[in-house]
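The listed protein sequences derive, respectively, from chains D and C.
First residue of the first sequence? That's 1 in UniProt numbering, and the numbers climb one at a time after it.
First residue of the second sequence? That's 1 in UniProt numbering, and the numbers climb one at a time after it.
From the three backbone atoms N, C-alpha and C, an ideal C-beta is built for every residue, glycine too.
2 protein chains.
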Amino acid sequence: MELPVLPAAQPRERADAVANRQRILDAATRLFAERGVGCTSMDAIAAEAGVGKGTVFRRFGDRASLALAVLDASETVLQESLIRGPAPLGPGAPPAERLIAFGAAMLDRLEEHLEILRESELTSHGAYLRSSPYAVHRIHVRMLVAQARPDADADYLTDILLAPLSAVTFAEQRHTRGLSLDQLKAGYGDLVARLTRA
Amino acid sequence: MELPVLPAAQPRERADAVANRQRILDAATRLFAERGVGCTSMDAIAAEAGVGKGTVFRRFGDRASLALAVLDASETVLQESLIRGPAPLGPGAPPAERLIAFGAAMLDRLEEHLEILRESELTSHGAYLRSSPYAVHRIHVRMLVAQARPDADADYLTDILLAPLSAVTFAEQRHTRGLSLDQLKAGYGDLVARLTRA
DNA sequence: AGGTCATACCGGACCACGGTCCGCTTGTGC
DNA sequence: GCACAAGCGGACCGTGGTCCGGTATGACCT
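Spelled out as structure tokens, the structure:
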């Protein structure tokens, strides 16, 4: 027997709207992969999805949000791992270890989805720092920081630990500077170790 | 008796070009201050300077670079202080102290010119990390890091120390999060201390 | 001085893109 | 069926950035 996940407060979304959302996401995913994120205009996505441009913007608001929406599935998996997954990413390990595992997971994610993540940071006029995925990451890190260093300024430390995981920074380190993924993980591990020592 | 500063290798810049550059910079400075950076289009700057839009773009390349050019004088002062100014910002103090002084100077600069610095970061598609002011800051920090921690991965540590001084990060901490300038300086001081300990 | 020439420079028409708007259409609950 | 809001789509706007035909400038020569 199926129970509704939540008794929807709003009148339920129309069927064609749902279908269109999916078609737009599929189109975006396909075009991003085919010709690169930077070479894919919103018009092209609308055309590929067989939908008017207005529809794209109504469903997703702007380009940055559409990019994030394309990664939503992957983001959900990550969040699930943070909350209920096995240690050290999930609960059960000491905070410093969890932070290191979080950094490694984020770096893997950046390696895999760099183009799209970068796009969402660059086109959001800085608002990605207030996007919902970022907020979740922030809460997670802040909680671990507060556990590891109850004395310190948790807000500031959280920023310090999240900044090197931004897509723009990653792209620069990885591709302009030529650092390897392992170097970045090692560096981040050191950083966490130093910042969480009493 | 006047000596030419440098025996210009290129044929010297035309007088009208020089005059136009200055008029554009003045116009941009004025409009940025009057109506805010975000509300000032390149067309408006060209009009205010009494110049065609093409001229603006030829002289400055793009919006991000124009923003940086507006701050050039201030940047020059800062760089001069780093190289020849009094300790601890200039030479003579231990590296850790110089790094802290550098952070404080950068934070003051952000407090004063936030709008313009933010604009140059946001509209450069991430290329501000390869701008000449950033390159100078990077070399400076990297040198100090290498002195303080000859054993460590200087490249990575340099990124870590520069990331919290970006305009986007600063804007978020200062205005969304409501941290005070002193909190940020204190936080940065702690960061440097922890990262430079042997 | 005055004239001539190559060319750096100018300016505004032009383009593509992100994003908005609003009149028409279509699905849905009654 | 009916009414009505949710949804649609494409014309439209302002913007950053490019391009190229025409022009003014400064070097050189006489």
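Pick from the options that is closest to residue i, judged by C-alpha positions
i: ASP195 of chain C; options: C:ASP182, C:LEU68 and C:ALA154; result: Correcting the residue identity first, residue 195 of chain C is Leu in this sequence and not Asp. The candidate whose alpha carbon is nearest that of LEU195 of chain C is C:ALA154.
i: ALA27 of chain C; options: C:ALA101, C:ALA47, C:ARG14 and C:GLY61; result: C:ALA47
i: ARG197 of chain D; options: D:ALA96, D:GLY36 and D:GLY126; result: D:ALA96
i: residue 242 of chain D; options: D:ARG149, D:LEU114, D:ASP190 and D:MET143; result: The structure shown does not extend to residue 242 of chain D, since chain D is modelled only from 1 to 198, so the question has no answer here.
i: ARG177 of chain C; options: D:GLY38, D:ARG130, D:ALA93 and D:GLY92; result: D:ARG130
i: GLU75 of chain D; options: D:ARG109, D:MET143, D:ARG30 and D:PRO91; result: D:ARG109
i: LEU181 of chain C; options: C:THR29, C:GLY103 and C:LYS53; result: C:GLY103
i: SER166 of chain C; options: C:VAL192, C:GLY85, C:ALA186 and C:TYR134; result: C:TYR134
i: ARG175 of chain D; options: C:GLN147, C:LEU31 and C:GLY126; result: Reading the sequence as shown, one finds His at residue 175 of chain D and not Arg. The residue with the shortest Cα to Cα distance from HIS175 of chain D is C:GLY126.
i: GLN79 of chain D; options: D:ILE139, D:LEU179 and D:ALA148; result: D:ILE139
i: THR158 of chain C; options: D:GLN147, D:LEU191, D:ALA148 and D:THR158; result: D:LEU191
i: LEU71 of chain C; options: C:ALA193, C:LYS185, C:SER132 and C:LEU179; result: C:SER132
i: ALA148 of chain C; options: C:LEU179, C:CYS39, C:ASP62 and C:ALA193; result: C:ALA193
i: MET143 of chain C; options: C:ALA186, C:PRO91, C:LYS185 and C:GLU111; result: C:PRO91
i: GLU111 of chain C; options: C:LEU179, C:ASP62 and C:GLY54; result: C:LEU179
i: ASN20 of chain C; options: C:ARG58, C:ARG12, C:ARG84 and C:ASP62; result: C:ARG58
8 Å contact criterion, which residue i and residue j should meet: CB distance rounded
i: VAL77 of chain C; j: GLU121 of chain C; result: So it is not a contact: roughly 20 Å between Cβ atoms.
i: THR156 of chain D; j: GLN183 of chain C; result: A quick correction: the sequence has Tyr, not Thr, at residue 156 of chain D. Contact holds; Cβ gap of about 7 Å.
i: LEU89 of chain C; j: LEU82 of chain C; result: 6 Å
i: ALA49 of chain D; j: ARG23 of chain D; result: 4 Å
i: PRO164 of chain C; j: ILE116 of chain D; result: Wrong, their Cβ atoms sit about 25 Å apart, outside the cutoff.
Cβ pair residue i, residue j closer than 9 Å
i: LEU162 of chain D; j: HIS137 of chain D; result: yes
i: ALA171 of chain D; j: TYR128 of chain D; result: no
i: THR123 of chain D; j: ALA67 of chain D; result: yes
i: VAL51 of chain C; j: MET42 of chain C; result: no
i: VAL141 of chain D; j: ALA152 of chain D; result: no
i: ALA73 of chain C; j: PHE60 of chain C; result: no
i: VAL18 of chain C; j: GLU119 of chain C; result: no
i: ALA93 of chain D; j: ALA101 of chain D; result: yes
Open item on the list: What are the residues in the stretch 131-156 of chain D lying within 9 Å of chain C by C-beta distance?
Closed with: So the list reads ALA152, ASP153, ASP155 and TYR156, given in the order they occur along the chain.
Open item on the list: Residues of the stretch 44-75 of chain D in Cβ contact with chain C at a cutoff of 7 Å, in chain order, please.
Closed with: Answer in chain order: no residues at all.
Task: Interfacial residues, the stretch 161-178 of chain D to chain C, with Cβ spacing under 8 Å - done: Residues of the stretch 161-178 of chain D that bring their beta carbon within less than 8 Å of a beta carbon in chain C comprise ALA163, PRO164, SER166, VAL168, THR169, ALA171, GLU172, GLN173, THR176 and ARG177, in sequence order.
Task: Residues of the stretch 11-32 of chain D whose Cβ lies closer than 9 Å to any Cβ of chain C, in chain order - done: Of all residues in the stretch 11-32 of chain D, none comes within less than 9 Å of chain C when Cβ atoms are compared.
TODO: Name, going along the chain, the residues of the stretch 186-198 of chain C whose beta-carbon falls closer than 7 Å to a beta-carbon of chain D.
DONE: Those residues of the stretch 186-198 of chain C that come within reach of chain D (Cβ to Cβ, closer than 7 Å) are GLY187, LEU191, ARG194 and LEU195.
Open item on the list: Can you pull out the residues from the stretch 78-90 of chain D whose beta carbon lies closer than 7 Å to at least one beta carbon of chain C?
Closed with: Answer set for the stretch 78-90 of chain D: empty.
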